[in-house]
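Enquirer: Counting from 2, one number per residue, gives the positions in the sequence shown under this note's numbering. Every residue gets a Cβ at the ideal spot worked out from N, C-alpha and C, and that includes glycine.
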Amino acid sequence: CAKGLCGPLPVPAQVTVGMYHACARLSDGQVLCWGANNNGQVGDGSFELKTLPAPVKNISDASAIAAGPRFTCAVHSTGTMSCWGKNAAGELGNGTTVSQSSPVAVKGLLAVVSIALGSSHACAVQKDGFVWCWGANTKGQLGDGSMETKAAPSSVKDIADVLVVAAGYHHTCALAKLGMISCWGSNSHGQLGNGSGPTSAMKP
Numbered sequence: 002c003a004k005g006l007c008g009p010l011p012v013p014a015q016v017t018v019g020m021y022h023a024c025a026r027l028s029d030g031q032v033l034c035w036g037a038n039n040n041g042q043v044g045d046g047s048f049e050l051k052t053l054p055a056p057v058k059n060i061s062d063a064s065a066i067a068a069g070p071r072f073t074c075a076v077h078s079t080g081t082m083s084c085w086g087k088n089a090a091g092e093l094g095n096g097t098t099v100s101q102s103s104p105v106a107v108k109g110l111l112a113v114v115s116i117a118l119g120s121s122h123a124c125a126v127q128k129d130g131f132v133w134c135w136g137a138n139t140k141g142q143l144g145d146g147s148m149e150t151k152a153a154p155s156s157v158k159d160i161a162d163v164l165v166v167a168a169g170y171h172h173t174c175a176l177a178k179l180g181m182i183s184c185w186g187s188n189s190h191g192q193l194g195n196g197s198g199p200t201s202a203m204k205p
């Protein structure tokens, strides 16, 4: 019991790791992070290294979390998203390139069901099966038909009915309902799986 209330204590429900930091989502929706914090990736409002788990500010209803090398994102129970940490390429999705030590809302996203974070880009799948990506795009990893960095979500072209998305260093892949996998971005090592040589694909 705590503060006159009795019930099951929150326990870790998910863990994710970045380059030098880690985060855990608790069963009650809280998020704790620890480790390197020079870019604010711990999300506690500071830029100080944390050797013990620290509560992420203003998040009490997380349903999913993901960590990139130097930034972190969470999906709220409402289907909206927040991100924090390094933002040099707009990877926080809030329309700026200013790093944040506390969570900021990703612009315009609703009903998010799956997220993935790459080196400096992020992607989200909405309940309707459409995919949105933002951040660095020098290799076409946003899949929007351009190679322009986007500080706010941009729609991935020519793809629908997606269930989940996954992000690599400079490339992204998505799994659709019928079992089809589509990939886009850097193909320097054949990571797009399309049989072609070292190129970049701007869309799936």
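May I have the straight-line CA-CA distance separating PRO13 from GLY198, to the nearest angstrom?
Expert: 43 Å
Enquirer: Whole angstroms is fine: what's the gap from LYS151's alpha carbon to GLY144's?
Expert: 11 Å
Enquirer: From the DSSP output, read off the bridge partner residues of MET82.
Expert: VAL76
Enquirer: Rounded to whole angstroms, what's the CA-CA distance from ALA175 to ALA125? Just pull it up for me.
Expert: 10 Å
Enquirer: Do SER115 and TRP133 come within 8 Å of each other at the CB atom, strictly closer than that value?
Expert: no
Enquirer: Can THR73 and GLN101 be called in contact, C-beta distance under 8 Å?
Expert: no
Enquirer: Let me know the secondary structure DSSP gives LEU193 once reduced to three states.
Expert: Coil, per DSSP.
Enquirer: For a test of the three-state rule: what should DSSP assign to ILE66, helix, strand or coil?
Expert: strand
Enquirer: What's the gap between the Cα of GLY119 and the Cα of PRO154?
Expert: 14 Å
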